[in-house]
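Note that our numbering has the sequence shown beginning at 3, numbered continuously upward.
Here the structure is laid out as C-alpha cells; the discussion comes afterwards.
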Amino acid sequence: MFDIGWTEILVVVVIAVVVVGPKELPRALVNVGRWVAKGRSLAREFQDGVQTVMRQAELEELRIDLPDPKSIMGDNPIAEGKSILGNSDPVPDDHFIDDQIIAEMEKADAETSDMLRRAAGEAADRARDAGNGEAEAEQETSAHEIAGDDGGPEQSPSGAKPVTES
C-alpha cells in the first residue's frame, strides 16, 4: 500500500526510540494506534456517505414518472371493457366435454379398484398358504417335543453320541 521496505521501517523505529525514549515508547505506540483507528473509521464513514449519495443519484436517474392510473383507464373502464368484449365470440359450452372426461375418470377409477381388490386377494391367499406351512412346521415341532425328541441325531442315555459309519 505505502511501498515501505524493511530498511525504512527500521529507520522509523530507531528515530522513535531516540525521540520518545524506551520507557515512553509503548505508551506512544498505543496512542498512535488509537489515532490510526480513528482515521480509518472517519475514512470509512466518508466512503459510506459518498456511496449513499451516489446510490440516491442513480435512483433519481432511473426513476420514471408514471402517468396517473385514472388517465390510463379512462373515465369508465367497465364500459370500455364491455365494448371490447361485445365484439368477440361467446365462449363455447364445454359441458359435454366435461361430462365425457368425468365418465372416463370414473371408468379408470373402477378398473383401478378392481385391480387392487384382485391383488389384495392374491396377497391374502399367499399369506394364508405361508401360514399353513408354518402351522405344519409348528405341529411337527410340537410332536417331537411331546415325544422328548429334539429332532436331532439320537443320543445314548449316557449323553454320548452314537458312532456313525462313514
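Just so it is clear, CB atoms sit at the ideal spot from N, CA and C, and this is done for glycine as well.
Where residue i falls: helix, strand or coil (DSSP)
{"i": "residue 123", "result": "helix"}
{"i": "residue 78", "result": "coil"}
{"i": "residue 131", "result": "helix"}
{"i": "residue 5", "result": "coil"}
Residue i versus residue j: straight-line alpha-carbon distance, rounded
{"i": "residue 34", "j": "residue 18", "result": "12 Å"}
{"i": "residue 122", "j": "residue 108", "result": "21 Å"}
{"i": "residue 25", "j": "residue 55", "result": "47 Å"}
{"i": "residue 13", "j": "residue 20", "result": "11 Å"}
{"i": "residue 36", "j": "residue 43", "result": "11 Å"}
{"i": "residue 153", "j": "residue 130", "result": "The predicted position of residue 153 is uncertain, since its pLDDT is 49 and thus under 50; a value taken from the coordinates is nonetheless stated next. Cα-Cα distance, rounded: 26 Å."}
{"i": "residue 22", "j": "residue 6", "result": "22 Å"}
{"i": "residue 104", "j": "residue 110", "result": "10 Å"}
{"i": "residue 50", "j": "residue 82", "result": "51 Å"}
Span of the alpha helix (DSSP H) around residue i
{"i": "residue 33", "result": "27 to 64"}
{"i": "residue 17", "result": "8 to 22"}
Residue from the options whose Cα sits closest to the Cα of residue i
{"i": "residue 31", "options": "130, 15, 101, 106", "result": "15"}
Neighbourhood of residue i by C-beta distance below 6 Å, restricted to the same chain and skipping five residues each side
{"i": "residue 38", "result": "none"}
Same chain, Cβ closer than 7 Å to residue i, five either side skipped, listed in chain order
{"i": "residue 126", "result": "none"}
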